[in-house]
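When we follow the numbering used here, the leftmost residue of the sequence shown carries the number 33, and every step to the right adds one.
Note that CB positions come from ideal geometry on N, CA and C, so glycine has one too.
As the structure is a computational prediction, the values presented were derived from the model and not from experiment.
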Amino acid sequence: DAAGRAPVHSAASEGRVQALQCLLAAGADKHSAAKDGSTPLHVAAGAGHVRALECLLTAGADKGRREHEGYEPLHAAARKGHVGAMERLMAAGADKVSRGLGGATPMHLAASSGHVGAVQCLVDAGADVDAALPDGRTALHLAAACGHV
33 DAAGRAPVHS AASEGRVQAL QCLLAAGADK HSAAKDGSTP LHVAAGAGHV
83 RALECLLTAG ADKGRREHEG YEPLHAAARK GHVGAMERLM AAGADKVSRG
133 LGGATPMHLA ASSGHVGAVQ CLVDAGADVD AALPDGRTAL HLAAACGHV
């Protein structure tokens with residue numbers, strides 16, 4: 033499509049596990065990158081489709097692959113508040129303190145988006161609640177600035 037997404041991206045973003053399995057079995061690239069660098073795992077995480085995530089992880093998708101802003105799939109799930117996807121990614125070893133190019137961790141994205149469940153998920157997993165952006169702001173600062181406190 034115009035965003036450079038392959039059919040495997042569409043299947044992942046829509047949670048169509050059977051289609052995803054068929055595409056992967058036919059040789060679709062599980063690491064296919066759209067124009068923004070997002071992979072099928074990024075879009076499945078951002079849409080909260082846990083079964084699609086599981087399918088891609090089982091196929092060997094890279095949970096640490098970064099898109100153009102430096103975000104990993106866990107960042108995508110945290111930004112949208114998809115706790116189930118976050119739990120599955122962290123169970124697979126996703127880095128809960130990974131920083132994007134601007135220094136944001138999944139905690140920063142969850143807090144600034146107002147997703148209390150996602151913040152709690154990260155706290156429970158041991159993420160650093162006091163991690164600061166380069167300008168010194170923490171997740172609490174971002175949550176307050178965005179009206180979520």
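Asked                                                                                : Found
Cβ pair C87, L55 closer than 7 Å                                                     : no
7 Å Cβ cutoff met for V129 and A150                                                  : no
For A164 and V75, the rounded distance between their alpha carbons                   : 26 Å
Min CB distance A143 to chain C below 7 Å                                            : The displayed structure is made up of one protein chain only, and chain C is not part of it.
C-alpha distance - G92 paired with P138, whole-angstrom precision                    : 22 Å
Own chain, CB closer than 7 Å to K67, minus 5 neighbours either side, in chain order : A35 and G36
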